[in-house]
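Data first, discussion second: the structure below is written as structure tokens.
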RNA sequence: GCCCCUGUGGCGGAAUUGGUAGACGCGCUGGACUCAAAAUCCAGUUCUCGCAAGGGAGUGGGAGUUCGACUCUCCCCGGGGGCACCA
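Residue numbers (my numbering): 1 to 857.
Below, the structure written as structure tokens:
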């Protein structure tokens, strides 16, 4: 029999599935719906191993659920706007649209070689005006509903990408893609009011039971809810500011009697007012801006302040005022950008107070401390206890004191209980060409004028030049010049485009009706949403996943959808890693550049110089450790790559790529192939009736077959793909060992059918081929999942472990559910148990039915 | 600094949730087939003492609960990740 021909077989079944439209899905059916989605790719031009892993996981789920009788939606599309297209345009003089289209075509072809069960009729690309015109409409709706607004503010400017970034896109003070240190700039920008849903987004996390705990935690931390109070201090000391007041936010209003100063941010409005005629303060503010808030800067930066000369009036101590500083450690965009400092109970305030010689008054006595002898050394005390030195709240526990202070503030009209969030609104303006144009016109007379709906979409001009730095849209000779829709006079288009996360925040809902004129066909969206299982990388734990949760709520408020949580289940896959090599100078080397010398050391192939084998790291071009999926699929086939991706690690853990692992997967495919095409026993026809008798060996194999069906089903339900593979291999091993005997040929056939069905979602091509060779005319892709025969799941006999004092001393075979007394007697008869007992009766015998017996001597 | 995850053979990983630790795979060792190699097949493979039968140790380290702990509790150590002048 011929060797398994991968190329021919995989191509054959891919075209058969396509011809028969096996995976085209219709809205609505008697069957329950199941929507499985993998995070759609950016069309970089080539798939990488991360894609292979992601789409393999999704495809196993899709094919499995389909076999289990679900109406499965499994679509694919392209997150097609983004900076790499513009960079390619600058570097290679190719238009971003052309570059993107070509990349999509190349990647689609590559994905098709993987044998993925997508409904390609639902394919979408976000750079298509038929896609992005809808988000222009959404944006106009958001403005109407108060969910989008424009404001001038300090923003994160990425000097490398020449654009603004959202807070979520700044990692350790650097741009998330460029890695360039982010600068602060003051710009007028569009924002989406994600903060309007802060509470809902936080509460909603509790309903996401099928999300990984750590993603839920990361989102909760990002939203960052805290409870405290706003309080207002009257200001004195500045002639023209006599009537002004200062609002601060504190989570510790209870410590107000320990307050010794107030501090405001360098970019606080009050600071700006004061600095207007104060060059010294201007210099100080410049210094603060220069230092920035990057991690490195913060670790070394000293807390510095500038005494404004203003005094803040203490709300509860008659005649007492506090100095007001501008301080570098106060953030304008958290709380109110102003605080009162209580040095005894806040580490930052303590450091600041020490530097400027301010009072340090303890007002909380730790539970174990003597109230009279509380002193503060190097560490501020942030724990609980009872209030001291605090007038009317003396003696109260901290929590009661908070309530009491807030009550008094409210009585006096000086403050209120407040919930504060770390979350800030999502800045969506980008100074880039390759994105969705923001449908706004700036009119000198009318101001900001939304593009009327009848004029949508605002499409990107094709004839752009990337010769000049900056946004080609602003350089375009005609595009931005329009008449104001309101007054008809000359006006200018907004030249900013949306953050590309805008596109990925709703594509999952678009897949429900991808060709519709309107954004969503309501019935289709209501039927398919939410996504039952979403699969992708952990790197989007906050960014994309939080934006999408917000977007669903915003679209609901605007009347488009009813779903609040777009993703009911989330699987975050681990990275694909590969070993790395470096030469003596620490430069990365390709694995091919290294060889083993006679003594087994790894050396440079050309120079013979020593090479160090680094740890396995995420595949990346810069580390020279990338393996191209196209090469693997080309030589071993998609099934091999898929099996390896599934069998070596659980999906949420990092996966180590090894050539040996791929070889192992390839070997297994060939074993299975031989087992079906050259069986040791002649296989009966599919319709052959079940024999009346089975030899013990045949019976054992049948039991294993049905146990495997049950166990693999459960494994797939829980995404334990590596265990599922192990179990199917176990079954294969047993089938290989089957010798002639009563009913063995029938049992072999039954086992082979089961193994083929069970491995089908993971290795669809070879399974489809084997299914045909087993004599079936229907496609495996259309075949229902096998059912385990319940009567074969339970064993007749069980092996019971026998321990003496917790140590294994032997096993006994007994009928299942044998009487405890019999089991005990049998255990005590074991020679090694009798030895241990030395003719004395045991002190105690613990019998766990069908499992273990422990004799205590 | 705070929060989370994680630690099991030479390696990736299993272990019915407190009941025979190491399934399955990789690698390695020996053997068969072959002129030879590849492929394939068979046997073995946690460590340690022993010719063997068998004994001892063993899930990062230490204590504890239990007849029995990879699993539960407490302390410590290593690795990874998230957040971070957040008032």
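All C-beta atoms in this analysis are idealised placements derived from N, C-alpha and C, irrespective of residue type, glycine included.
Membership of residue 475 in the alpha helix (DSSP H) is indicated by the continuous run 472–475. Here residue 590 carries a coil assignment [DSSP, helix/strand/coil]. Classified as exposed, residue 487 has fewer than 16 neighbouring CB atoms from the shown chains inside 10 Å of its CB.
DSSP places residue 323 inside the beta strand (DSSP E), whose first and last residues are 321–327. Counted as a single uninterrupted DSSP element, the beta strand (DSSP E) harbouring residue 856 occupies residues 852–856. By the criterion of a C-beta distance shorter than 6 Å, residue 787 is surrounded by no residue of its chain, once the five residues flanking it on both sides are discounted. Here the alpha carbons of residue 312 and residue 479 stand approximately 53 Å from one another.
In terms of Cβ geometry, residue 485 and residue 449 form a close pair [threshold 8 Å].
Here the alpha carbons of residue 702 and residue 739 stand approximately 14 Å from one another. Beta-carbon to beta-carbon, residue 509 and residue 561 are separated by about 6 Å, close enough to satisfy the 8 Å threshold. Counting only runs of at least 4 residues, the segment 324–389 fully encloses the following alpha helix (DSSP H) elements, listed from N- to C-terminal order: 347–356. Residue 178 and residue 170 have their C-alpha atoms some 10 Å from each other. A contact is defined here as three or more CB-CB pairs under 8 Å, and the segment 437–449 meets this definition with respect to the segment 136–150. For residue 409 and residue 361, the gap between their C-alpha atoms comes out near 21 Å.
Unbroken alpha helix (DSSP H) stretches of 4 residues or longer found wholly inside the segment 801–826: none. Between residue 548 and residue 519, the CB-CB gap reaches or exceeds 8 Å. Boundaries of the alpha helix (DSSP H) harbouring residue 771: 764–773, taken from the DSSP string.
Rounded to whole angstroms, the separation of the alpha carbons of residue 288 and residue 302 is 11 Å.
Judged by DSSP in its simplified three-state form, residue 682 adopts coil rather than helix or strand. Bridge pairing for residue 103: absent [DSSP].
For residue 395, the secondary structure class from DSSP, reduced to helix, strand or coil, is coil. Rounded to the nearest whole angstrom, the CA to CA distance from residue 662 to residue 349 is 58 Å. With the rule of 3 Cβ pairs closer than 8 Å, the segment 412–432 counts as touching the segment 492–500. By the Cβ criterion, the segment 94–109 is not in contact with the segment 55–71, since fewer than three pairs of Cβ atoms, one from each stretch, lie closer than 8 Å.
In summary, residue 733 is exposed, with fewer than 16 beta-carbon neighbours lying within 10 Å of its beta-carbon over all protein chains present. Residue 605 counts as exposed, since fewer than 16 other C-beta atoms from the protein chains shown sit within 10 angstroms of its C-beta. Under the three-state reduction of DSSP, residue 533 is assigned to strand. Boundaries of the alpha helix (DSSP H) around residue 631: 629–636.
The C-beta separation of residue 820 from residue 849 comes to about 7 Å, placing the pair in contact by the 8 Å criterion. Here the C-alpha atom of residue 196 lies approximately 40 Å from the C-alpha atom of residue 64. When the beta-carbon positions are compared, residue 851 and residue 800 come within less than 8 Å of each other.
Classified as exposed, residue 794 has fewer than 16 neighbouring CB atoms from the shown chains inside 10 Å of its CB. Secondary structure at residue 27: coil, using DSSP grouped into helix, strand and coil.
C-alpha of residue 340 to C-alpha of residue 541: approximately 34 Å in a straight line. As computed with DSSP, residue 497 is found in a beta bridge with 430 and 437.
One thing to note: residue 54 has its Cβ no nearer than 8 Å to the Cβ of residue 226.
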